[in-house]
Each structure stands twice: as C-alpha cells, then as structure tokens.
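The sequence shown begins at 1 in this note's numbering and counts up by one.
The beta carbon of each residue, even a glycine, is placed where N, CA and C say it ideally should be.
The structure under discussion appears below in the form of structure tokens.
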Amino acid sequence: METMNPSPIPLGLDYIFAVRRHQKRATRLRFAADVLIQHRGRKGQLPPVRSEHPMLRVAGPEDLDDLHAFEVRCFRDHPFRRDHVEWILGNDHALTLVQDGTDGFVAVMMLLFEGRSCRVLSIGVARNARRRGIATGLMQAAEALCRERKMGTVRLEVSTRNLAAIELYRGLGYRTDGVLYGYYSWGEDAYSMTKNLAPEPSPRISPRAEPSHSININR
1 METMNPSPIP LGLDYIFAVR RHQKRATRLR FAADVLIQHR GRKGQLPPVR SEHPMLRVAG
61 PEDLDDLHAF EVRCFRDHPF RRDHVEWILG NDHALTLVQD GTDGFVAVMM LLFEGRSCRV
121 LSIGVARNAR RRGIATGLMQ AAEALCRERK MGTVRLEVST RNLAAIELYR GLGYRTDGVL
181 YGYYSWGEDA YSMTKNLAPE PSPRISPRAE PSHSININR
C-alpha cells in the first residue's frame, strides 16, 4: 500500500474504466462527477476511448492467472489464494478493476457489493508505481461508482500494522468503527473502517446565472 504524494498524478475521478452491466449489448454512459463508464457486453465491445489518464477496466476470467501473479508480487507474504481470486471473478456481486501496464497490472481493486454497502476486498499497487496517488484515485473512482449505484456506505478491513494504508483511508474520510482481533489467518488484528457516502449536492443556480460546464476535481 502506498502513502499519499504531495503532488499526485491527477488520476482521481478522471479515470475512465469499463464496467460490465449488460450482457447482450454495449453502450456508453456519463454519470456523476464526470466519470465515464464503458459498458461492455459479451456480444459487443466499445471502440477505444482516448484519454490522457490511465485506463481502468473490469477483469474477467481470462485475467485469473495474471491477477493471482499480481497478488503474489504485491502481497508477498499473504496473497489471496488462486481459488479465492477465481471466486471473486465469478461472483455476480463483485467487481475487479485493473489498470494495465507494459509489464503487467499497475493496480488492482476488488469490490463486493452487499445490499447498499460496498466492501473493498483488496486494493494493491505495483511496487514500482507506488507513491503516485494511484490508490487514492482508485478509491475515489470506486466511491463515484458506488454513488452512481445509490450505495450508502463503503467499508473495508485493514491490518492494524499497515500504518500507510490507515493514513490513506483516514485522509479520504474513513472512520474506524471497530477492531477485529485475530481477523487474518496469520493472526494479525484488523481495523474495520467505514465511510458514509453523502449524496452529491445539487447545484443551486440563480435564475440570472449561467450554468457551469466544468468540474475541477483534482491496502
């Protein structure tokens, strides 16, 4: 897990990523906070989108081997088992976002949707790409997606020893709501952290004012 960079790459909500929602057709949708979603179905594929920012896409079963290899590289001591990664990829209520790089994945984020809550199962950044604000951008993109899906909270678990990740999450507004003793199979405790997603405020426009056409959004 990375720490925040004083001058991070502006990845935040400018990410473009692919989300599979419809199985038989492909369409494109722009939603809140200017995040562009590409819907890719089994029978359709969108043309490439040009962007100055890295592309996030949804991982599929064909990415299983590469995802598990990333887990081993990123979390050397305690990676997810291959069968667990396979379970996440096959879960209709889960979503795995990946950022591709020239030498494999740059970043991976695994989400599980439970009712009106989203749980961050895993977030990892390649060791040679850390301290660039990538994890911050992933979290912000996930929150934007959750708001679009009308979800009320995002929650996660983090080792009590992972100080860099704890600092990152607290900086993004996550609060500790409990300690899970012996949470991990190797015996470490974890903090349970939650963030309530307040709905985006609707802009109040004076009848005489011109509407704004731009939004500045700088483990």
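Put simply, of Glu148, Ile123, Glu143 the residue whose alpha carbon is nearest the alpha carbon of Ile166 is Ile123. Residue pairing by DSSP leaves Gly182 without any beta bridge partner. A direct Cα-Cα distance of roughly 10 Å separates Met110 from Leu138. Contact between the region 111–131 and the region 173–188 is not established, with fewer than three Cβ pairs separated by less than 8 Å. Between Leu121 and Ile88 a beta carbon distance of about 7 Å is seen, short of the 8 Å cut, so the two are scored as contacting. Contact annotation: Phe70 and Val125 have beta-carbon atoms that are not nearer than 8 Å.
An exposed status is given to Ser185, since fewer than 16 other beta-carbon atoms sit within 10 Å of its beta-carbon. Thr96 counts as buried, since at least 16 other C-beta atoms from the protein chains shown sit within 10 angstroms of its C-beta. Residue pairing by DSSP puts Gly124 in a beta bridge opposite Val108. The DSSP assignment places complete beta strand (DSSP E) segments of no fewer than 3 residues inside the region 49–94 at 55–58, in order along the chain. DSSP places Leu145 outside any beta strand (DSSP E); the residue lies instead in the alpha helix (DSSP H), whose first and last residues are 134–148.
Residue range 163–171 is occupied by the alpha helix (DSSP H) that includes Arg170. Judged by their CB atoms, His93 and Leu112 are nearer to each other than the 8 Å cut-off.
Contact check for Ala190 against Thr153 fails: the beta carbons are separated by 8 Å or more. Take Thr102, set aside five residues on each side of it, and no residue of its chain has a beta-carbon closer than 8 Å to its own.
Ranking Val58, Leu168, Glu157, Arg155 by CA distance to the CA of Gln99 puts Val58 first.
Inter-residue distance for Tyr169 and Phe105 is about 22 Å (C-alpha atoms, whole angstroms).
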